[in-house]
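Student:
2 protein chains.
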Amino acid sequence: MAKPELSIGEVLQILQAEFTDVTISKIRFLEAEGLVTPARTASGYRKFSAGDVERLRYVLTAQRDQYLPLKVIKEHLGAIDRGLRPAAGGPPIAPSTPASGPAADDFGATGTDLRLTRAELCAAAGVSTTLLAELESHGLIVAEGKHYGGDAIVVAQVAAELATYGIEPRHLRPFRTAADREVGLIEQVTGPRRTDQTQQLAALTVRLHTALVRSRLPR
Amino acid sequence: MAKPELSIGEVLQILQAEFTDVTISKIRFLEAEGLVTPARTASGYRKFSAGDVERLRYVLTAQRDQYLPLKVIKEHLGAIDRGLRPAAGGPPIAPSTPASGPAADDFGATGTDLRLTRAELCAAAGVSTTLLAELESHGLIVAEGKHYGGDAIVVAQVAAELATYGIEPRHLRPFRTAADREVGLIEQVTGPRRTDQTQQLAALTVRLHTALVRSRLPR
DNA sequence: GCCGGACCTCAACCGCTGATCGAGGGTTGG
DNA sequence: CCAACCCTCGATCAGCGGTTGAGGTCCGGC
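So the protein sequences, as listed, match chains A and B.
Taking my numbering, the leading residue of the first sequence gets 1, the next gets one more, and so forth.
Taking my numbering, the leading residue of the second sequence gets 220, the next gets one more, and so forth.
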């Protein structure tokens with residue numbers, strides 16, 4: 001399987017879906033600080049592997065959710081590289097951030113209208129094309145034309161992680177149904193165009209959903 | 220019970236045993252930042268109670284061991300003051316885990332152990348008892364015995380806000396169903412007890428749900 | 001009643017972290 | 001060939017977490 005290496009701009013697009021405040025210069029800065037070391041083309045362009053993107057995600061998560069200074073994050077990464085399990089409470093090594101933070105309610109600004117090809121999506125999410133196909137067959141990921149949006153990355157990542165618990169794409173169909181119904185309700189109020197109201201409502205319903213799940217979790 | 224109130228110099232002595240880098244000016248600075256508020260004598264001298272010293276110890280520990288910014292520590296202290304149980308996982312009495320407050324998607328730590336009466340819940344969420352009753356009749360809020368958990372506040376608040384868009388509790392039943400199914404799926408994997416895994420999985424499924432909703436929202 | 005040490009306030013300053021900016025210039029793809 | 005993208009490197013910056021010092025007050029002992 002060819003591993004499409006991404007340019008810094010593409011990496012930016014991918015990460016901005018999840019971290020609104022990442023910039024090109026920040027990514028370069030993080031390299032200068034030794035937190036990632038992307039490959040280079042002959043002409044000096046950075047080329048990021050899926051692993052590099054993963055690493056950046058780890059850094060940004062640790063910064064945002066645990067307020068760790070870069071120095072400490074770097075140590076953690078070093079420990080991981082040496083094969084040690086990092087300190088407990090650290091962000092999962094695989095992407096399973098409890099998408100928290102002020103960003104949680106942020107339905108507007110996020111999701112730069114990313115347009116990924118199939119291969120880019122697989123690379124960005126670190127999943128096989130097989131899994132992607134399965135997710136599509138259950139309607140969990142839908143292409144618009146030949147491209148996928150930024151949310152597809154999150155869906156794919158989460159699905160991959162759930163798979164490690166034995167939860168397969170087919171078990172996730174109800175999520176699709178629930179999401180469709182939720183969006184349907186919103187559209188009944190705001191009409192079929194995306195507006196500020198659409199986003200506000202979506203933020204609210206998602207908040208509701210989250211609180212309900214939490215309240216029903218075993219004590 | 221004599222309450223020996225300490226001068227700033229005495230406090231310094233005490234704390235320096237444990238935190239070598241504490242200074243008088245640092246203690247004063249922490250007061251200026253609102254992290255402690257020692258009493259004052261008539262002439263303006265600071266007088267620290269045992270509780271104040273405890274508080275300082277908490278601040279210094281959180282800084283040293285968890286790298287938390289003062290702003291966040293202050294929030295935690297505020298939460299403790301308001302009677303919320305702080306998170307588990309930190310040293311002595313220290314909290315840990317991502318910030319509470321606005322950053323509310325954390326499944327491990329948030330103030331779920333809250334036990335509110337009906338009246339307290341209505342007051343905290345700013346809703347009428349009528350709305351609460353309606354939410355209960357649709358199973359969106361469920362009391363455990365005579366008390367409600369912290370998530371009920373969120374549910375009530377969101378429901379109230381949705382009502383301003385014309386969305387009424389009865390329209391929200393599907394959310395309850397979806398949440399129940401979601402929790403059911405999680406319990407199939409982890410069993411009926413709450414574990415770390417339960418929380419991780421919940422974080423994942425909620426993330427999935429959010430991404431799905433977003434991806435289906437009108438462009 | 002006076003002296004020294006502990007304490008007070010307030011404004012200025014400081015060093016570090018975590019970036020951002022811009023000038024000046026090369027690379028790539030249509 | 002040109003626009004969009006990428007490169008480096010040095011300057012600059014903003015905020016955090018304090019420190020410093022000037023100028024003055026308070027308190028206990030002699």
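Every residue, glycine too, gets a C-beta built ideally from N, C-alpha and C.
All figures in this text were calculated on a predicted structure; none of them were measured in a lab.
1) For Leu-436 (chain B), which of helix, strand or coil comes out of DSSP?
2) Would you report the Cα separation of Ile-53 (chain A) and Glu-75 (chain A), rounded to the nearest angstrom?
3) Compute the distance between the beta-carbons of Val-158 (chain A) and Leu-423 (chain B), then report whether it is under 8 Å.
4) Compare the beta carbon distance of Val-227 (chain A) and Arg-438 (chain B) with 8 Å and say whether it is the shorter of the two.
5) Name, please, each residue of chain A whose Cβ falls closer than 8 Å to the Cβ of Gly-385 (chain B).
6) So Pro-388 (chain B) contacts chain A; which residues on that side make the cut at Cβ distance below 7 Å?
7) Does the distance from the C-beta atom of Asp-151 (chain A) to that of Arg-433 (chain B) stay below 8 Å?
8) Name the chain B residues that come within less than 7 Å of Leu-201 (chain A), Cβ to Cβ?
9) Along the stretch 113 to 126 of chain A, what residues have a CB closer than 7 Å to any CB found in chain B?
10) Going by CA-CA distance only, name the one from A:Pro-69, A:Leu-172, A:Val-155 that's closest to Leu-30 (chain A).
11) With 8 Å as the threshold, decide whether the Cβ of Asp-240 (chain B) is near any Cβ in chain A.
12) Could you name the residues of chain A that Gly-368 (chain B) contacts, counting a contact when the two beta carbons are closer than 7 Å?
13) Quick one: measure Cβ to Cβ for Ala-160 (chain A) and Leu-131 (chain A), integer angstroms, because I've assumed they're closer than 8 Å.
14) Who are the neighbours of Thr-417 (chain B) on chain A, taking C-beta pairs under 7 Å?
15) What runs of the beta strand (DSSP E), each 3 residues or longer, lie entirely inside the stretch 223 to 247 of chain B?
16) Would you say Ala-397 (chain B) and Ala-178 (chain A) are within 8 Å of each other, going by their C-beta atoms?
17) Please report the distance separating the alpha-carbon of Leu-162 (chain A) from that of Gly-34 (chain A).
18) Please report the distance separating the alpha-carbon of Gly-44 (chain A) from that of Lys-71 (chain A).
19) Please report the straight-line C-alpha distance between Thr-239 (chain B) and Lys-245 (chain B), rounded to a whole angstrom.
20) Tell me which residues share the same chain as Thr-348 (chain B) and place their Cβ nearer than 6 Å to its Cβ, disregarding the 5 neighbours each side in the sequence.
21) Anything in the stretch 2 to 16 of chain A with a Cβ closer than 8 Å to a Cβ of chain B? List those residues in chain order, please.
22) With 16 other CB atoms within 10 Å as the buried threshold, where does Glu-18 (chain A) fall?
Tutor: Here's the rundown:
1) coil
2) Going by the sequence as given, residue 53 (chain A) is Val instead of Ile. Cα to Cα, the separation comes out at about 18 Å.
3) yes
4) The requested residue 227 (chain A) does not occur in the structure, where chain A is confined to residues 1 to 219.
5) Val-189
6) Per Cβ cutoff of 7 Å: no residues; Pro-388 (chain B) is ~11 Å from chain A at best.
7) yes
8) Tyr-384
9) none
10) A:Pro-69
11) no
12) Ser-215
13) 6 Å
14) Leu-217, Pro-218
15) none
16) yes
17) 31 Å
18) 26 Å
19) 12 Å
20) Cys-341
21) none
22) buried
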